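Q: Read left to right, the sequence shown gives residues 20 to 116 (my numbering).
The C-beta atom is built at its ideal place from N, Cα and C for all residues, glycine as well.
Being a predicted model, the structure only gives us computed values, none of them experimental.
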Amino acid sequence: MVNVITTNPLPLFQIRLENDDLTMSGSQSESVGCILRGQLVLAITEPVKVKVIKLTFQGKSKISVKKESDTNVTDYCEERILYQHDWVFLSAQNKYQ
Numbered sequence: 020m021v022n023v024i025t026t027n028p029l030p031l032f033q034i035r036l037e038n039d040d041l042t043m044s045g046s047q048s049e050s051v052g053c054i055l056r057g058q059l060v061l062a063i064t065e066p067v068k069v070k071v072i073k074l075t076f077q078g079k080s081k082i083s084v085k086k087e088s089d090t091n092v093t094d095y096c097e098e099r100i101l102y103q104h105d106w107v108f109l110s111a112q113n114k115y116q
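#1: Considering only DSSP beta bridges, list what Thr93 is partnered with.
#2: Can you give the Cα-Cα distance for Leu36 and Val60, rounded to whole angstroms?
#3: Between the C-alpha atoms of Leu109 and Thr93, what's the straight-line distance to the nearest angstrom?
#4: Which partner residues of Phe32 appear in the DSSP bridge assignment?
#5: So what's Arg56 in DSSP terms, helix, strand or just coil?
#6: Starting from the C-beta of Asp40, find all residues in its chain whose C-beta is less than 8 Å away, skip the five residues before and the five after it, and write them out in chain order.
#7: Between Thr75 and Asp105, how many whole angstroms is the CB-CB distance? I'm expecting something under 8 Å.
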């Protein structure tokens, strides 16, 4: 067996959620909400200039229905964005503003 030791690991970008499932019941005004927790992991292997690190979360609903009648089949699909939130982890200040 040969052990390979690398001094330059591969770059890494991961979103690590504590829980993959989020459940919210009721309408936006009725729901007590839920908590999304996790980590944004970025490991780079060489120097790079970064202007912004931003994460966008979207909560979507998707409805797909296939309606069959004697003469034809109708497919219906609807997707809606129910919620969107942006997190800015790093933002370079523009010195010319």
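A: From the atom records:
#1: Along the sequence shown, read from residue 1 onward, the residue named residue 93 stands at position 74. Per DSSP, Lys86.
#2: The count along the sequence shown starts at 1 and reaches residue 36 at position 17. The count along the sequence shown starts at 1 and reaches residue 60 at position 41. Between the C-alpha atoms of Leu36 and Val60 there is a straight-line separation of about 11 Å.
#3: By one-based count along the sequence shown, residue 109 stands at place 90. By one-based count along the sequence shown, residue 93 stands at place 74. When rounded, the distance between both Cα atoms is 47 Å.
#4: Taking the first residue of the sequence shown as position 1, residue 32 is located at position 13. Bridge partners of Phe32 according to DSSP: Leu61.
#5: Numbered from its first residue, the sequence shown carries residue 56 at position 37. In the structure shown, Arg56 sits in coil (DSSP, three-state: anything other than H, G, I, E or B).
#6: Here residue 40 corresponds to residue number 21 of the sequence shown, with the count starting at 1. So no residue of the chain qualifies.
#7: On the sequence shown, residue 75 is found 56 positions in, with the first residue counted as 1. On the sequence shown, residue 105 is found 86 positions in, with the first residue counted as 1. That pair is a contact at about 5 Å.
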